[in-house]
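> This is the structure I want to talk about, given as structure tokens.
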Amino acid sequence: MQNRPGPNRAGPFGILQSVGDALKLAFKEDIRPALADKWVYFLAPIVAAIPAFLAFAVIPIGGEVSIFGHTTALQLADVPAGVLVVLACASVGVYGILLGGWASGSPYPLLGALRSAAQVISYEIAMGLAIVTVVLYSGSLYTSQIVAAQAEQGWFVFLLPVPFLIYVISMVGETNRAPFDLPEAESELVGGFHTEYSSLKFAMFFLAEYVNMTTVSALATTMFLGGWHAPFGLGSVADGMFNTGWWPLLWFLLKTFAFLFLFIWLRAALPRFRYDQFMHLGWKVLVPVALLWFVLVAAIRALSSEGVTTTQFMIAFAITLVVLVAATFLIPDRRVEEETGPRLSGGNFPVPPLDLEVPERPKRRPAATQTRERAAIGAGTSALGAGAALADDEPTGGDDTEGTAADRPDAGQSGVDTRDRASSAKEDGNGTV
Amino acid sequence: MLESYLPLVLLFVLATGFAVFSVSVAPLVGPRRYNRAKLDAYECGIEPSPVPVAGGGRIPVKFYLTGMLFILFDVEVVFMYPYAVAAGGLGVFGLVAVGVFLLAVTIAFVYEWRLGGLDWD
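Written out as structure tokens, the structure reads:
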């Protein structure tokens, strides 16, 4: 997403550019800074890359197919822990980033790594709570059974819209992508945790990030968008023809690519968060809302089996909620000592005094009158000239001065026009009228 | 039961092989041009900080706090998973049980919030 020609020399439309970039990295010098911890610096990219590859194994990318006579499900490992494997791999992946930043022996990577760790673990709680609500409906941690449950009950994105939103937000935070790419905020931290890395070690970190993006997108597809089942009622067409054979692969890829598109879109559209805003969103918005939804879903599921209607339940729930929120205000706030006036010194740091008075502007001829005179001259000589545009502010002014301006020689006109522009530009810049 | 984890183990071996191979082979393939400034810590061109960050450096305590909070709440979330899987068979008893647990956690959460533990200044 860019409004300029991108790299377009490698292959048709430049689609081979990323392959070229990756290959190029292999032939770059492998630098290890003098202060770096030798072994940890070497191991960190490996630690980051391995869990990224592992997590994708539990995603079901299709139903039963026959390959060379074998009938098998298109899923590498259908394990009992299911979605927990993805969460575990995401947590282990943080170690790679944290160790890499620490081992570089340099301030920017360390800060980036700390931010990354704090960010991923903060958002993992909200993510975990969103996944729990899905498990409440599916009753199983097997990813294949979560998909099967959605074939019966409908896509969970309709049953659980809020957990879906929470999951999508936290998956962006979890993979350190914009607008949550604070660990590698280039305007603050140069490159973040991989500032000191080069060559294929750097490539490993990036590979891990992109594989993680794909994995969380695939997990979102699996948990909320019906996995590999055909969308828009296509599943019921022609006796479920679209849900058999190799068709599911297509649906799965389409849905996953939609999420990947969202990642790129967010990166192009949104500015980066500030770190305190980011933590605020994670801990004070996503976690409570996710917790509330978990309680709501759990209560509805449990009480509906006892014959309580949803309306009765909602009323009771609302009353409880109001009481609870009121109760929280009984807890006293932390006392904040307010600072009065500007701080006059920066403690031990050399800070210039902040109570200096700004001297007044020196008096001079008002710039506005100068411009007006020149504008009138320009407007008179040619209706199409730049002078006419400058005189737009006062539509009557042009008519009044037409006669005097016409007497001027044409030769000087262009020079006058350029000076007009310069002086008016200066006026805008100074903000004086 | 445990056989289903076999593909994960195989993939782990493959991924480790790939990662270790790539990272070890890169220094052999790439060029080597010695330059003392290149091996300094990168700090936008100014002289690097005299105190090495790793080992002797200091880290904002805020991150430790976040780490501890994470452990508390992640353990809480992990306790939810067994309940979520078994919720269908537990009915109202399970709801009350998990409710008591959640209440305890929520009180801690609210207390911490009101005391400013979640503020990032």
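In the order they appear, the protein sequences are chains G and D. According to this note's numbering, the first sequence holds residues 1303 to 1735 in order. According to this note's numbering, the second sequence holds residues 28 to 148 in order. Ideal placement from N, C-alpha and C gives every residue a C-beta, glycine not left out. Quantities reported herein were computed from a predicted structural model and do not represent experimental measurements.
1) Does any residue of chain D have a CB that is nearer than 7 Å to the CB of residue 1418 (chain G)?
2) Taking residue 1613 (chain G) as the reference, which of G:1579, G:1598 and G:1338 has the closest Cα?
3) Report yes if the CB atom of residue 1339 (chain G) is closer than 7 Å to the CB atom of residue 1405 (chain G), and no otherwise.
4) Can you tell me where the alpha helix (DSSP H) holding residue 1461 (chain G) begins and where it ends?
5) How big is the Cα-Cα spacing for residue 1493 (chain G) and residue 1357 (chain G)?
6) Please list, in chain order, the chain D residues whose beta carbon lies closer than 9 Å to that of residue 1443 (chain G).
7) Quick one: which chain G residues come within Cβ less than 9 Å of residue 90 (chain D)?
8) First and last residue of the beta strand (DSSP E) that includes residue 1582 (chain G)?
9) In the DSSP assignment, the beta strand (DSSP E) including residue 1375 (chain G) goes from what residue to what residue?
10) For residue 64 (chain D), would you say it is in contact with chain G, using Cβ-to-Cβ distances shorter than 7 Å as the test?
11) Going along the chain, which residues of its own chain have a beta-carbon closer than 6 Å to the beta-carbon of residue 1526 (chain G), five neighbours each way excluded?
12) Quick check on residue 1686 (chain G): buried or exposed, where buried means 16 or more other Cβ atoms within 10 Å of its Cβ?
13) So that I know if they touch, is there some Cβ in chain D lying closer than 7 Å to that of residue 1366 (chain G)?
14) Along the chain, which unbroken stretches of the beta strand (DSSP E) at least 3 residues long are found entirely within the segment 1468–1518 of chain G?
15) Taking 6 Å as the cut-off, does the CB of residue 1491 (chain G) come closer than this to any heavy atom belonging to the ligand PLP?
16) Quick one: is residue 1332 (chain G) near chain D, going by C-beta distance under 7 Å?
17) Using the C-alpha atoms, what's the distance from residue 1478 (chain G) back to residue 97 (chain D)?
18) Give me the chain D residues within the contact set of residue 1597 (chain G), using Cβ-Cβ distance strictly less than 7 Å, ordered along the chain.
19) Looking at chain G, is there any beta carbon in it that lies within less than 7 Å of the beta carbon of residue 99 (chain D)?
20) Look at the alpha carbon of residue 1438 (chain G) and the alpha carbon of residue 1500 (chain G), and state the distance between them as a whole number of angstroms.
21) Which residues of chain D have a Cβ atom closer than 8 Å to the Cβ of residue 1352 (chain G), listed in chain order?
22) Contact between the segment 1386–1397 of chain G and the segment 1345–1356 of chain G: three or more CB pairs below 8 Å?
23) Return the bridge partner residues of residue 1364 (chain G) from the DSSP annotation.
24) What residues match up with residue 1369 (chain G) in a beta bridge as DSSP calls it?
25) Mind pulling the chain G residues with CB within less than 8 Å of residue 72 (chain D)?
26) Looking only at C-alpha atoms, which of G:1601, G:1412 and G:1584 sits nearest to residue 1497 (chain G)?
27) Checking contacts by CB at 7 Å: is residue 29 (chain D) closer than that to chain G?
28) Closest Cβ-Cβ distance between residue 134 (chain D) and chain G: below 7 Å?
29) In the DSSP assignment, find the alpha helix (DSSP H) that holds residue 1319 (chain G) and state where it starts and stops.
30) Give me the Cα-Cα distance between residue 1320 (chain G) and residue 1506 (chain G), rounded to the nearest whole angstrom.
31) Consult DSSP for residue 1611 (chain G) and reduce its assignment to one of helix, strand or coil.
32) To the nearest whole angstrom, what separates the beta carbons of residue 122 (chain D) and residue 1600 (chain G), a pair I think is in contact under 8 Å?
33) Can you give the Cα-Cα distance for residue 1434 (chain G) and residue 1596 (chain G), rounded to whole angstroms?
34) Using a cut-off of 8 Å between C-beta atoms, extract the partners of residue 32 (chain D) located in chain G.
35) Just to confirm, is the Cβ distance from residue 1530 (chain G) to residue 1550 (chain G) under 7 Å?
36) Given 8 Å as the limit, is there contact between the segment 1425–1432 of chain G and the segment 85–92 of chain D, that is, 3 or more CB pairs closer than that?
Taking the definition as stated:
1) Not one beta carbon of chain D lies nearer than 7 Å to the beta carbon of residue 1418 (chain G).
2) Residue 1613 (chain G) has its Cα closest to that of G:1598, out of G:1579, G:1598 and G:1338.
3) Closer than 7 Å, so yes.
4) Element bounds for residue 1461 (chain G): 1458–1461.
5) Going by C-alpha positions, residue 1493 (chain G) is about 26 Å away from residue 1357 (chain G).
6) Correct list: 108, 111 and 112.
7) In chain order: 1416, 1417, 1419 and 1420.
8) Unbroken run through residue 1582 (chain G) is the alpha helix (DSSP H), 1577–1582; no beta strand (DSSP E).
9) Element bounds for residue 1375 (chain G): 1372–1376.
10) Not closer than 7 Å to any Cβ of chain G, the Cβ of residue 64 (chain D) fails to qualify, so no.
11) Result list for residue 1526 (chain G): 1458, 1459 and 1466, in chain order.
12) Low local confidence applies: a pLDDT of 48 at residue 1686 (chain G) is under 50, so the model's placement there is unreliable, and no value is given.
13) Residue contact with chain D for residue 1366 (chain G): absent (no Cβ-Cβ distance below 7 Å to any residue of chain D).
14) You should have found no qualifying run.
15) Looking at this structure, you won't find the ligand PLP or any other ligand, since it has none at all.
16) For residue 1332 (chain G), the answer is yes, since a Cβ of chain D falls inside 7 Å of its Cβ.
17) Inter-residue distance for residue 97 (chain D) and residue 1478 (chain G) is about 17 Å (C-alpha atoms, whole angstroms).
18) Result: 129.
19) No, residue 99 (chain D) does not count as interfacial toward chain G.
20) Their backbone Cα atoms lie some 45 Å apart in a straight line.
21) Under a criterion of Cβ atoms nearer than 8 Å, the residues of chain D adjacent to residue 1352 (chain G) are, in order, 39, 42, 43 and 46.
22) Segments in contact, yes.
23) DSSP output for residue 1364 (chain G) lists G:1376 as bridge partner(s).
24) Answer by DSSP bridge pairing, in chain order: G:1372.
25) Result: empty, since nearest Cβ-Cβ is about 11 Å, beyond 8 Å.
26) Ranked by how close their Cα comes to the Cα of residue 1497 (chain G), the residues G:1601, G:1412 and G:1584 have G:1412 in first place.
27) No - not a single Cβ of chain G is within 7 Å of the one on residue 29 (chain D).
28) The beta carbon of residue 134 (chain D) does not come within 7 Å of any beta carbon belonging to chain G, so the residue lies off that interface.
29) Taken as a continuous stretch (DSSP letters only), the alpha helix (DSSP H) holding residue 1319 (chain G) covers 1319–1328.
30) Roughly 14 Å between the two C-alpha positions.
31) Here DSSP, grouped into helix, strand and coil, assigns residue 1611 (chain G) to coil.
32) Rounded, the Cβ-Cβ distance is 6 Å, consistent with contact.
33) Residue 1434 (chain G) and residue 1596 (chain G): Cα-Cα distance of roughly 7 Å.
34) Ordered by position in chain G, the residues that pass the 8 Å Cβ test against residue 32 (chain D) are 1379 and 1381.
35) It is a contact, given that the beta carbons lie within the stated cut-off.
36) With the cut-off at 8 Å, the segment 1425–1432 of chain G and the segment 85–92 of chain D do not touch.
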